[in-house]
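J.:
Protein chains in written order, with this note's numbering: chain A, 1 to 306; chain B, 1001 to 1395.
(1) Counting only the same chain and skipping the five closest in sequence on each side, list residues whose C-beta sits under 8 Å from that of residue 1192(B).
(2) On the three-state DSSP scale, how would you describe residue 1392(B)?
(3) Does any residue of chain B have a CB that is nearer than 8 Å to the CB of residue 262(A)?
(4) What residue range does the beta strand (DSSP E) around residue 1348(B) cover?
(5) Output yes or no for whether 8 Å exceeds the beta carbon distance between residue 1330(B) and residue 257(A).
(6) Quick check on DSSP: helix, strand or coil for residue 1215(B)?
(7) Along chain B, which residues have their Cβ under 7 Å away from the Cβ of residue 197(A)?
(8) Taking the CB atoms as reference points, tell me whether residue 141(A) and residue 84(A) lie closer together than 8 Å.
(9) Near residue 229(A), what residues of its chain come up, given a Cβ to Cβ distance below 7 Å and the 5 sequence neighbours on each side ignored?
(10) Please classify residue 1368(B) as buried or exposed, where buried requires at least 16 neighbouring CB atoms within 10 angstroms.
(11) With 16 as the cutoff for other CB atoms within 10 Å, does residue 33(A) come out buried or exposed?
(12) Within 10 angstroms of the Cβ of residue 1325(B), are there 16 or more other Cβ atoms? Answer buried if so, exposed if not.
(13) Got a sec? Which residues, its chain only, sit under 6 Å from residue 1235(B) by beta carbon, not counting five neighbours each side?
(14) Could you work out which residues of chain A lie near residue 1286(B), taking near to mean beta carbons separated by less than 7 Å?
(15) Can you list the residues of chain B that residue 103(A) reaches, using a CB-CB cut of under 8 Å?
(16) Should residue 79(A) go down as buried or exposed, given a rule of 16 or more other Cβ atoms within 10 Å for buried?
(17) With residue 1249(B) and residue 68(A) assumed to form a contact (beta carbons below 8 Å), what rounded beta-carbon distance in angstroms separates them?
(18) So is residue 90(A) in contact with chain B if we call contact Cβ pairs under 8 Å?
(19) Please list the partners that residue 1393(B) has in chain A, where partner means a Cβ-to-Cβ separation under 9 Å.
(20) Rounded to a whole number of angstroms, what is the C-alpha to C-alpha distance between residue 1278(B) and residue 1176(B)?
(21) At what residue ranges does the segment 200-284 of chain A contain a whole run of the beta strand (DSSP E), taking only runs of 3 or more?
(22) For residue 1380(B), count the other beta carbons within 10 Å of its own beta carbon; 16 or more makes it buried, fewer makes it exposed. Which is it?
(23) For residue 1240(B), report the span of its beta strand (DSSP E) as first-last.
(24) Mind checking whether residue 1377(B) and residue 1141(B) have CB atoms under 8 Å apart?
(25) Evaluate residue 298(A) with the Cβ neighbour count: other Cβ atoms within 10 Å of its Cβ, from every protein chain shown; 16 or more gives buried, anything less gives exposed.
(26) Under a CB-based cut-off of 8 Å, is residue 1281(B) close to chain A?
(27) Against chain A, which members of the segment 1226-1246 of chain B pass a CB distance test of less than 7 Å?
(28) Evaluate contact between the segment 109-126 of chain A and the segment 179-194 of chain A, counting only Cβ atoms and requiring at least three cross-stretch pairs below 8 Å.
(29) How about residue 210(A) and residue 305(A): do their beta carbons lie closer than 8 Å?
(30) Using the Cβ count rule (16 or more neighbours within 10 Å means buried), how would you classify residue 1327(B)?
(31) Kindly say whether residue 1026(B), judged by its beta-carbon, lies nearer than 8 Å to any beta-carbon of chain A.
(32) Pairs of beta-carbons, one from the segment 1329-1346 of chain B and one from the segment 1303-1318 of chain B, closer than 8 Å: are there three or more?
(33) In chain order, what residues of the same chain have a beta carbon less than 6 Å from the beta carbon of residue 289(A), not counting five sequence neighbours either side?
(34) Could you check which residue in 178(A), 72(A), 283(A) has the C-alpha nearest to that of residue 95(A)?
(35) Would you mind working out which of 1238(B), 1262(B), 1111(B), 1092(B) sits nearest residue 1338(B), comparing C-alpha positions?
(36) Could you tell me how far apart the beta carbons of residue 47(A) and residue 180(A) are, in whole angstroms, since I believe they sit closer than 8 Å?
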């Protein structure tokens, strides 16, 4: 009797579920991205034909985002999922996708988009060991911090959009062309502004700037973290202070989600300054697009190194 | 203790298990060698792509090629749990022991499902025997319609908030007395099927309904046994999750179960849980706070007319003081299934240090007031350390 009651309850629940279909945004593709940078690019390419949502905020450490059930709900309704990939989100994306009950957006699904595809990667390790800290086996994953890679990300998103929405191909293609043109135009502007700083030696808190460094010809000579993901140690800080004094380095760049105590300690000891750059769109309230991100970072660097 | 269920396993089984472990590790080594080769090929490809992408305004990158593992080998991880303890009573008050090696193998099976196997190697403190147990072996769907997800195999059922967790993921060194008294030191396992449903609701909040059916795992626990007739174990749980703000969440859960007990009658249980979590978005690795409370009610039928109702519960808080330091406190009260007038009351303090996400060092001090025996105090030092690729845990 009890068994019948429980099975009856379950059947009723299933019938209710069958009758309550999930409503997608009317006529629009529903895109969920891991980072706001990907959202910004998806907005640019998808335009009016998409609705977008980014899981992480721009001032949140993207390695450590809580896989909240509310994100599962978002993903369960998504047509497209865009990820940075390269294991950047390995601590939180797998449990979300595994629970999302959405075959379209899991790896191999038609809506799964690895934004890193075809990005020329830096710092691909030849030897993989956790003795080196939080290294990424496929290469440094912070590739969106080179604006030229933004075009590759846009291309990857474009391909997924066209695959799912053939009718919008011309529209997406035009948006992609405009986005790429703007990147090229802004890149000239940013490169010109950063030109005088080429070869400038700086210190970084965490190893997340190699793409930015390479694009604008900076030279990051050391990090406050002794190894990626390992908090600064007194010996590492002493080593950095010595290097900065010896080589007359005055700038330490850090990210919004790291406390600045250790960076400021070093800066005080060498008479230098700490510059908190934006690692993602939304790191500061006024940074609303992918272009704002680089406008801000270029402005901060030129101010700091002039 | 947790190891008591391993007594039935002998040394012969152990040898087979370690052979299996060696084979798994060999496969992993081979996979690493493949990966090195692939890295070289990848570097060459990157150089080629750099040439294509670097100049010019209208570069069209070639066809997308996802950067994922080139191997079909599953994710393999090993997590060790070493402990040293001091108890205020007993002839052997100081213990130093390797509590458990948990070995997980997990992978996607095909576009429709993923599988997970979890082996536990541990020493029984009473007999000193090393044993192995298959704790989890599941096949979970990835693409059922109507927001459904099904799991079959052996797993930890979704009854109470803490039972589905594996010990290394729980904040404290031991599970609450409620779990220990009503089930087992590591909670309850079952073999059967589980189906969960994301319940659509007009308020667009996360609501998940889980229904599970099967039998208690191979070893009986304090409340339930596999049984000798056709009566099965039924488990249900409803989880409600709310984002209070971007930085705070509230989870409310309720569940129930019904299954055969040792006397051939039925045990009915119900549970309620509430969890509040806070974590700042900006400095999300430096501070956090969790408050979790739950209770369960047990009705054990001993005879046709004799029903014993008992209950248990706990409440804990945990605060992250710094990036790698956590402190916590827990209050426990728990009676026993089918026994009236006996209870444990315990107070626990915790200090936890996590050098990285792959290593945890914890010091726990616990005082237990037992209504049926003398009070006792215990200090436990635990080191948990993991290698390999271990799947991230759910929130």
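Backbone N, C-alpha and C fix where the C-beta goes; we use that ideal spot for every residue, glycine too.
T.: Considering the structure as presented:
(1) Annotation for residue 1192(B): 1152, 1212, 1213, 1214, 1215, 1232, 1233 place their beta carbon closer than 8 Å to its own, counting only its chain and skipping 5 residues before and after.
(2) Coil, per DSSP.
(3) Cβ-Cβ to chain B under 8 Å: no for residue 262(A).
(4) Per DSSP, residue 1348(B) belongs to the beta strand (DSSP E) from 1339-1356.
(5) Their beta carbons are not under 8 Å apart, which means residue 1330(B) does not touch residue 257(A) by this criterion.
(6) In the structure shown, residue 1215(B) sits in a strand (DSSP, three-state: E or B).
(7) Chain order gives no chain B residues near residue 197(A), where near means a beta carbon separation below 7 Å; the closest approach is about 20 Å.
(8) In contact: residue 141(A) and residue 84(A) (Cβ atoms closer than 8 Å).
(9) The residues are 133, 134.
(10) Flag for residue 1368(B) reads buried.
(11) Counting Cβ neighbours within 10 Å, residue 33(A) comes out buried, since at least 16 surround it.
(12) Burial state of residue 1325(B) is exposed, judged by a 10 Å Cβ sphere holding fewer than 16 other Cβ atoms.
(13) Take residue 1235(B), set aside five residues on each side of it, and the residues of its chain with a beta-carbon closer than 6 Å to its own are 1157, 1159, 1212, 1257, in chain order.
(14) By Cβ distance, chain A contributes 259.
(15) Ordered by position in chain B, the residues that pass the 8 Å Cβ test against residue 103(A) are 1111, 1112, 1142, 1143.
(16) That one is buried.
(17) That belief holds up - the Cβ atoms of residue 1249(B) and residue 68(A) are roughly 6 Å apart, short of 8 Å.
(18) Yes, residue 90(A) lies at the interface with chain B (some Cβ there is under 8 Å from its Cβ).
(19) Near residue 1393(B) (Cβ distances below 9 Å), the residues of chain A are 67, 95.
(20) A direct Cα-to-Cα measurement between residue 1278(B) and residue 1176(B) gives close to 22 Å.
(21) Complete beta strand (DSSP E) runs here, min 3: 201-204, 219-223, 251-254, 273-276.
(22) Residue 1380(B) should be labelled buried.
(23) Where residue 1240(B) is concerned, the enclosing beta strand (DSSP E) stretches over 1233-1243.
(24) Residue 1377(B) places its beta carbon 8 Å or farther from that of residue 1141(B).
(25) Around the beta-carbon of residue 298(A), 16 or more other beta-carbon atoms lie within 10 Å, marking it buried.
(26) For residue 1281(B), the nearest beta carbon of chain A is closer than 8 Å to its own beta carbon.
(27) Hits within the stretch, in order: 1234, 1241, 1243.
(28) Counting Cβ pairs under 8 Å, fewer than three are found: no touch.
(29) Between residue 210(A) and residue 305(A), the C-beta gap is not smaller than 8 Å, which leaves the two residues out of contact.
(30) It counts as exposed.
(31) In this prediction, residue 1026(B) scores a pLDDT of 43, lower than 50, which makes its location untrustworthy; no coordinate-derived value is stated.
(32) Note that the segment 1329-1346 of chain B touches the segment 1303-1318 of chain B; at least 3 beta-carbon pairs, one per stretch, sit closer than 8 Å.
(33) Only 40 meet the Cβ criterion.
(34) Taking only the C-alpha atoms, the option nearest residue 95(A) is 72(A).
(35) Considering only alpha carbons, the answer is 1262(B).
(36) 14 Å between Cβ atoms; not a contact.
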